[in-house]
Amino acid sequence: MTNRCWPENVGAALPFLGSPDEQERFRLARITAFERPFWARGLRVAGVDEAGRGPLAGPVVAAAVVMPPEPLIPGIDDSKRLKPEIRECLFELICQYAVAVSVGQATPQEIDQLNILVATHLAMKRALEGLPAGTVHVFVDGPGVPGLPYASTSLTDGDARCYSIAAASIVAKVTRDRIMQQLDREYPGYGFARHKGYATQEHVEAIQRLGPCPLHRVSFHVPELRTASWNPRLPGERAETSGTT
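Residue numbering for the sequence shown follows my numbering, beginning at 340 and increasing consecutively.
Here it is, written out as structure tokens:
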């Protein structure tokens, strides 16, 4: 980790983190251990991760990110560990310094048709299709993904253990959050901009009050929604019933 350079604007972009100290340098050395053998040979590797497997509504989004050996970006970590404002700052830095960033998604309809696991794999493959030629290996968060067009390594808790996967987790999360904020304007009343489709009390009550919309995953039969009538309505349509039955 000696002589590593850092993004010149990291202090301004990440005032929440401050300047990278020795502890952060040590952490970055640890989470780049998977990439360094490839970087030492001048080879490109990608990290792949997803966001949105658990929500009741919206797409599942995957990101594939190829990071350079330097500059290393302090603060990159599992997106779930980061505050939203830090994720947003890191997202901008990743997009600025990455060799390549590609995003894929699977729709709620594909999730219902295929199941969430297969749809997640589909989103990951779509993200990988956008990578430039020259990528030789892919690090994937979680269990293996069949049929990838690259040699790959699957890592349990990879978003906390692998720099490239952590970067992908941030890109996937921020991208999906922004998608849900946009969809909130198309389907008002559900609160998608706030809960991003997860099963919050606000969301469940909105479904019971308004009925589901085309963003909802009808295959997700969770106890809280047993009283909701799964008859998706289009933007502007009024629900036929209100309340629960």
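Each residue gets a CB set at the ideal place from its N, CA and C atoms; glycine is no exception.
Assigned exposure category for D388 - 16 Cβ within 10 Å defines buried
buried
In this structure, does DSSP put T459 in helix, strand or coil?
helix
With a cut-off of 8 Å on the beta carbons, I'd call Y489 and M406 a contact; round off their distance for me.
Rounded, the Cβ-Cβ distance is 16 Å, inconsistent with contact.
So, under 8 Å CB-CB, L395 and F559 are touching, yes? Tell me the CB distance rounded to an integer number of Å.
5 Å
Endpoints, the alpha helix (DSSP H) within which E431 is located
Taken as a continuous stretch (DSSP letters only), the alpha helix (DSSP H) holding E431 covers 423-436.
Between the C-alpha atoms of L456 and F373, what's the straight-line distance to the nearest angstrom?
C-alpha of L456 to C-alpha of F373: approximately 25 Å in a straight line.
My assumption, with CB atoms under 8 Å, is that V400 sits in contact with A538. Please give the rounded CB distance.
The distance from the Cβ of V400 to that of A538 is about 18 Å, inconsistent with a contact at the 8 Å cut-off.
Could you check whether S418 and D480 sit closer than 8 Å to each other, using their CB atoms as the reference points?
no
Buried versus exposed, by CB contacts within 10 Å (16 or more), F531:
buried
Alpha carbon to alpha carbon, how far is A385 from S493? Give it in angstroms, no decimals.
S493 and A385 have their alpha carbons spaced roughly 12 Å apart.
Just to confirm before moving on: does the CB-CB distance between H542 and Y529 stay below 8 Å?
yes
With respect to the alpha helix (DSSP H) encompassing F559, which residues constitute its N-terminal and C-terminal limits?
That residue, F559, is in no alpha helix (DSSP H); it is neither H nor E in DSSP.
Range of the contiguous beta strand (DSSP E) that encloses S503
Premise fails: S503 lies in the alpha helix (DSSP H), 502-525, not in any beta strand (DSSP E).
Quick one: measure Cβ to Cβ for I425 and G443, integer angstroms, because I've assumed they're closer than 8 Å.
Not a contact, Cβ separation roughly 24 Å.
Drop a sphere of 10 angstroms on the beta-carbon of G391, count the other beta-carbons inside from all chains shown, and report buried for 16 or more, exposed for fewer.
buried
Nearest to M519 (by Cα), restricted to the options S508, K535, V513, A507
K535
For V484, I'd like the list of residues in its chain whose CB is within less than 6 Å of its CB, leaving aside the five on either flank, ordered along the chain.
Once the five neighbours on either side are set aside, the close Cβ partners of V484 are H460, M463.
Locate the beta strand (DSSP E) running through R383, then write down its first and last residues.
383-390
By the three-class DSSP mapping on this structure, what secondary structure does L411 have?
coil
Measuring CA to CA, which of R515, G473, P553, T495 is closest to L382?
G473
Distance, Cα to Cα, V540 vs R548?
Position check: residue 540 holds Gln in this sequence, whereas Val was assumed. Near 12 Å, if we compare the C-alpha coordinates of R548 and Q540.
Option in R380, V404, A379, D416 with minimal Cα separation from R588:
Coverage of the chain is limited to positions 340 through 584, which leaves residue 588 absent and any answer about it impossible.
Which residues mark the beginning and the end of the alpha helix (DSSP H) in which F531 is found?
531-534
Between the C-alpha atoms of Q362 and R369, what's the straight-line distance to the nearest angstrom?
11 Å
Taking the Cβ atom as the reference point for each residue, do P482 and R556 lie within a distance shorter than 8 Å?
no
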